[in-house]
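Below is one structure; the comments refer to it alone.
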Amino acid sequence: MDQITLGLDPLPKKTRKEVFLDEMNQVVPWAELVALVQPHARGAHQALGGRPPFPIETMLRIHCLQLWWNLSDPAMEEELHERPLYRRFAGLQGAARMPDESTILRFRHLLEKHQLAPQMLALINAGLAQQGLLLKTGTVVDATIIAAPSSTKNKDGERDPEMHQTKKGNQWSFGMKAHIGVDAESGLVHTVIGTAANVNDVTQAAALLHGQEKVVFADAGYRGVAKREEAKDLEV
């Protein structure tokens, strides 16, 4: 005989991922991001999924999910089918269809074509700062290699001039490098710069600061930054 309950069992504890997405629901200025993308998406139905297009906010939320959890386009499509949490965050709960990997790819290409990513980051950081979540008293600077196959070609069929070989320790890599500035208190990224992989970390250090820091944290790769011309006026 099945046990009868009165429905008084405590609700399951929220996972860290649920808590994080709840916070992002509140702090990311979704309406402003939609307004930023809208002029470039108007009429571009194919970029937003064809007939009818998915809402811009839905595609923006999916794009953010990809960035936060480093998901490829096929993996993102699969996660939308498998994870109710992701569907709810993207506004697809109960939807009859999901964006496929091609739709997700086309939307990302739309953002890249119009170079909207830096503006999106600026809007998000402005919203976080207004809510006191980006304290701006300290910045951590760092860089990471974005590896690509050495055979990678650009659209003209030539080896991409923006990609180069570099060596870190005993490891050789080919590709690009992401230089990031992170709020020391919250861990939120406020600045991202992309370069070829062989660009020295220290050359980008000054550009990763917003100018209001009282302290900057960096590893040995940034030794000597204070002597560089672009950093001479920094007061940290």
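So the sequence shown is numbered by our numbering: it starts at 75 and just counts up by one. All C-beta atoms, glycine included, are put in the ideal place defined by N, C-alpha and C.
In the DSSP assignment, find the unbroken beta strand (DSSP E) run with residue i in it and report its ends.
i: residue 248; result: 245-257
i: residue 201; result: Careful: residue 201 lies outside any beta strand (DSSP E), inside the alpha helix (DSSP H) at 191-204.
i: residue 299; result: Segment: none, residue 299 is in no beta strand (DSSP E) and carries neither H nor E.
Near residue i, which residues of its chain fall below 8 Å by C-beta distance, leaving aside the five closest residues on each side in sequence?
i: residue 201; result: 101, 102, 103 and 106
i: residue 237; result: 222, 226, 248, 249, 250, 270 and 271
i: residue 174; result: 151
i: residue 135; result: 104, 163, 164 and 165
What is the DSSP secondary structure of residue i, reduced to helix, strand or coil?
i: residue 54; result: Past the edges of the chain, shown from 75 to 310, lies residue 54, and the structure says nothing about it.
i: residue 149; result: helix
i: residue 214; result: strand
i: residue 75; result: Per-residue confidence for residue 75 stands at a pLDDT of 46, beneath the threshold of 50, marking its modelled position as unreliable; no derived number is given.
i: residue 277; result: helix
i: residue 102; result: coil
i: residue 137; result: helix
i: residue 270; result: strand
i: residue 114; result: helix
i: residue 121; result: With a pLDDT of only 48 at residue 121, under the threshold of 50, the placement of this residue in the model should not be trusted; the figure read from the coordinates follows. Reduced to three states, the DSSP call for residue 121 is helix.
i: residue 264; result: strand
i: residue 109; result: helix
i: residue 305; result: helix
i: residue 170; result: coil
i: residue 221; result: strand
Can you tell me where the alpha helix (DSSP H) holding residue i begins and where it ends?
i: residue 128; result: Residue 128 -> no alpha helix (DSSP H), and no H or E assigned at all.
i: residue 177; result: 175-187
i: residue 164; result: 158-164
Measuring alpha carbon to alpha carbon, tell me which of the options ends up nearest residue i.
i: residue 265; options: 111, 169 and 192; result: 192
i: residue 112; options: 258, 185, 270 and 294; result: 185
i: residue 291; options: 306, 221, 255 and 151; result: 255
i: residue 220; options: 244, 257, 273 and 176; result: 273
i: residue 280; options: 304, 258, 163 and 295; result: 304
i: residue 203; options: 246, 257, 181 and 302; result: 257
i: residue 207; options: 156, 260, 179 and 215; result: 260
i: residue 110; options: 235, 278, 190 and 183; result: 190
i: residue 182; options: 88, 289, 141 and 296; result: 141
i: residue 288; options: 306, 268, 211 and 253; result: 211
Between which residues of its own chain and residue i is the CB-CB distance below 7 Å, once the five residues before and five after are set aside?
i: residue 160; result: 139, 153 and 154
i: residue 123; result: With a pLDDT of only 48 at residue 123, under the threshold of 50, the placement of this residue in the model should not be trusted; the figure read from the coordinates follows. Answer for residue 123: 173 and 177, listed in chain order.
Here's a check: name, in chain order, each residue in its chain whose Cβ is nearer than 6 Å to the Cβ of residue i, leaving out the five neighbours to either side.
i: residue 35; result: This structure leaves residue 35 out entirely; the chain is present only between 75 and 310.
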